[in-house]
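**Student:** Handing you this structure, nothing more for now.
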Amino acid sequence: MLSFEGHIKGDTPVVVDFFAEWCGPCKMMGPVLHEVKEKVGDRATVLKLDIDKSPHYSQLYNIQAVPTLIIFKNGNVIWRKSGVATTQEILQH
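First residue of the sequence shown? That's 2 in the working numbering, and the numbers climb one at a time after it.
This is the structure in structure tokens:
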């Protein structure tokens, strides 16, 4: 199983949802991310990262609000958004 770093450094785009259990808007992202995964299949990976359980990554990527979505490819950030995103917004990147 790949580590977080292993996933984001690969050729396959990775959508990372930085969230918190106590965050109401974060719960709204569940169905959106499920739909994204259904539409992209194996062409992208969708990961959820709890900022309270992984504070290192929230500091590393300067997560100041949740939910924050970041799409990585080859270790680079190719798109970032804080707040609730739509399926279409995510799929455009």
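For each residue, glycine too, the CB sits at the ideal point set by N, CA and C.
If you follow the alpha helix (DSSP H) that S59 is in, where does it begin and where does it stop?
**Tutor:** For the purposes of this step, residue 59 is taken as the residue at position 58 of the sequence shown. Where S59 is concerned, the enclosing alpha helix (DSSP H) stretches over 56-61.
**Student:** For K10, which of helix, strand or coil comes out of DSSP?
**Tutor:** In the sequence shown, the residue the question calls residue 10 occupies position 9. DSSP places K10 in coil when its eight states are reduced to three.
**Student:** According to DSSP, simplified to helix, strand and coil, what is D53?
**Tutor:** For the purposes of this step, residue 53 is identified with residue 52 of the sequence shown, where counting begins at 1. DSSP places D53 in coil when its eight states are reduced to three.
**Student:** Is the distance from the Cβ of T46 to the Cβ of H94 below 7 Å?
**Tutor:** As a first step, residue 46 must be located in the sequence shown, where it is residue number 45. As a first step, residue 94 must be located in the sequence shown, where it is residue number 93. Their beta carbons are not under 7 Å apart, which means T46 does not touch H94 by this criterion.
**Student:** I need the DSSP call for V78, collapsed to helix, strand or coil.
**Tutor:** Locating residue 78 in the sequence shown gives position 77, counting from the first residue. Here V78 sits in strand by DSSP.
**Student:** Roughly how many whole angstroms lie between the Cα atoms of D12 and W80?
**Tutor:** Within the sequence shown, the letter at position 11 stands for residue 12. Within the sequence shown, the letter at position 79 stands for residue 80. The alpha-carbon atoms of D12 and W80 are separated by roughly 15 Å.
**Student:** So the candidates are L92, S59, T87; which of them puts its Cα closest to the Cα of M29?
**Tutor:** Counting from one through the sequence shown, the residue named residue 29 turns up at place 28. When only C-alpha atoms are compared, the closest one is T87.
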